[in-house]
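As given, the protein sequences belong to chains G and A, one line each in that order.
Quick note: the first sequence, position 55, residue 55 per the working numbering, numbers continuous.
Take any residue in the second sequence, count from 1 to its spot, add 222: that is its number in the working numbering.
Idealized CB from N, CA, C, for every residue including glycine.
All values derive from a computational prediction rather than experimental measurement.
2 protein chains.
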Amino acid sequence: MTYSTSEENYIKAIYHLQGDEGMVTTNELSAELKTRPASVTDMLKKLKTKKLLNYEKYQGFRLNSDGRKVALGIIRRHRLWEFFLSEKLKFSWDEVHEVAEQLEHVKSKKLIDKLDGYLGFPRFDPHGDPIPDQQGKIATHERVCITAIPLSQVMEVCHVGNQTPEMLDILKHNHITMGTRLEVKKKFNFDNSLEIRIGRHQPFILSEAVAKHIWVKKIDRS
Amino acid sequence: MTYSTSEENYIKAIYHLQGDEGMVTTNELSAELKTRPASVTDMLKKLKTKKLLNYEKYQGFRLNSDGRKVALGIIRRHRLWEFFLSEKLKFSWDEVHEVAEQLEHVKSKKLIDKLDGYLGFPRFDPHGDPIPDQQGKIATHERVCITAIPLSQVMEVCHVGNQTPEMLDILKHNHITMGTRLEVKKKFNFDNSLEIRIGRHQPFILSEAVAKHIWVKKIDRS
DNA sequence: ATAATTTTTTAGATTTGTCTAAATTATTTT
DNA sequence: AAAATAATTTAGACAAATCTAAAAAATTAT
């Protein structure tokens, strides 16, 4: 079974919006995809006839098991391309997404599996998000937000939950990138800002608004 | 200016059909694209309003200078992807075309120029066809069809003008691939078949129908 | 619990690219 | 040069994905 670019975009967006439980609403999805709610309703009917989601009108919806499988395939393609663009073509971190949005819709299982091998079966993309394998399995880091780690423990940045240009600007300014090792030196309870230190450099402050999007893991001794 | 996948496919097909002069006909193009003539007429009107071709109804058509420029851009993308698939992902010669057909429509100038650099600015794709550079310039081998070369002169295969599975089957059977060095030992005037020898191997026969698609160049001493 | 508001769906239209069938123009044959 | 044939275009339809405007259902507020 293959799906149109449009169908794939809806499936992927629903996957990202639906957590482990709870329903996605029409308006949420229309905001995410920048379409009108009426268009969402049309596509939901279509995806329902294709048996990818549970949907009763006015009741919200979620992908079923088949739908999630399809979504993981799309995410696999997206993240492998992001890895390729970043690692091989030296695209900067914030440029990869837009191009990967297009590449992910190229239909060829063989292409993706060969690309995976060529890249060395990476398990995480340049944003630190896990890349599903051929079976749709995803590796998980035990990751923690820097707002929640103990003081003076050096950890490695492995995920950034907000990738707007504004956010990336702040990260670039403070030399934070995927894999950066940092420690929290102090927490200011007044505004929940954090004092961060990278290696032996001068410590600096991150606001709570920024800090809550930065996730770290224990340093990999593999 | 960007063009839809469909528009790009028409532009590319017209480019391939129109030689240095002479008109392309509606039926030719509809056969090439496997659409109905009526669909071709519709698209011609559209491409005419976009000023990519000269077209007066019932009179045939050809791309103008702008149209050719667009076509070369599409061909550049196609052939760079073919090179990537073959060289990096180890796709076999006959598998690259179909996937490249999809990849060529991804819109990102930066992607293509970075890919070009990553591949080392190749000038010929795995089929021996030239890859246009950023300015649309194409390198040309001085190539000759094996039906037209002198006897017992070793030359290098650099182009195959027919890439149907049937043709590729024959080539594979006879161990002919891009870069193969061969010589014509004898020409049989009865049916214009050729006796070919590769290195010190046992010579074999190629029919005229096959031979006329195989092109060679002088051996590169660079 | 009724009214007001918000969310979602329906109905009908639009765009792109395709099709069939019929009409028109060009070409070939006699 | 007229008739037959072939090529091309027009007219009208359809599917996919979107939209607007209006109707219906659900939620929130009073």
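Flag residue i as yes if its beta-carbon sits less than 8 Å from any beta-carbon of chain G, otherwise no.
i, result
"A:V318", "no"
"A:K267", "no"
"A:Y280", "no"
"A:Y340", "yes"
"A:F343", "no"
"A:F313", "yes"
"A:K234", "no"
"A:V292", "no"
Identify, in the order they occur along the chain, each residue of the same chain with its Cβ nearer than 7 Å to the Cβ of residue i, setting aside the five sequence neighbours on each side.
i, result
"G:N54", "F61, R62, N64"
I need the straight-line Cα distance from residue i to residue j, nearest angstrom please.
i, j, result
"G:M155", "G:F124", "17 Å"
"A:F306", "A:I353", "12 Å"
"A:I371", "A:V406", "8 Å"
"A:T399", "A:T369", "17 Å"
"G:T140", "G:V40", "31 Å"
"G:G19", "G:A211", "22 Å"
"A:S330", "A:G295", "11 Å"
"A:V438", "A:E254", "26 Å"
"G:F293", "G:I196", "What is shown of chain G runs 1 to 222, which leaves residue 293 of chain G out entirely."
"G:E28", "A:K256", "41 Å"
"A:A293", "A:M223", "13 Å"
"G:Y3", "G:K137", "21 Å"
"A:H238", "A:L266", "16 Å"
"G:D191", "G:D129", "29 Å"
"A:F313", "G:I219", "37 Å"
Quick check on DSSP: helix, strand or coil for residue i?
i, result
"A:K272", "coil"
"A:K439", "strand"
"A:E388", "helix"
"G:L33", "helix"
"G:Y55", "strand"
"G:R77", "helix"
"G:F61", "strand"
"A:K408", "strand"
"A:H381", "strand"
"A:S415", "strand"
"G:L111", "helix"
"A:C427", "Checking the displayed sequence, the identity of residue 427 of chain A turns out to be Ile instead of Cys. Strand, per DSSP."
"A:R290", "helix"
"G:V40", "helix"
"A:F306", "helix"
"G:V144", "strand"
Examine chain A for any beta-carbon lying closer than 8 Å to the beta-carbon of residue i, and answer yes or no.
i, result
"G:Q102", "yes"
"G:K109", "no"
"G:L115", "yes"
"G:L80", "no"
"G:V106", "yes"
"G:K137", "no"
"G:V99", "yes"
"G:K88", "yes"
Which residues in the same chain have their Cβ closer than 8 Å to the Cβ of residue i, if we skip the five residues on either side of it in sequence?
i, result
"G:K46", "E7"
"A:S252", "R258, P259, S261, V262"
"A:T464", "Outside the modelled stretch of chain A, which goes from 223 to 444, sits residue 464 of chain A, for which no answer is possible."
"A:L274", "I233, L285, N286, D288, G289, V292"
Using a Cβ-Cβ cut-off of 6 Å (strictly less than) and excluding sequence neighbours within five positions of residue i, which residues of its own chain qualify?
i, result
"A:L373", "V406"
"G:I14", "V24, L63"
"G:T5", "H105"
"A:R299", "E326, I334"
### Contact between the stretch 91–100 of chain G and the stretch 62–70 of chain G (3+ Cβ pairs under 8 Å)
no
### Query
Counting Cβ pairs, one atom from each stretch, are 3 or more of them under 8 Å apart for the stretch 321–331 of chain A and the stretch 295–310 of chain A?
yes
### Query
Do the stretch 165–177 of chain G and the stretch 190–206 of chain G meet, that is, are 3 or more Cβ pairs less than 8 Å apart?
With the cut-off at 8 Å, the stretch 165–177 of chain G and the stretch 190–206 of chain G touch.
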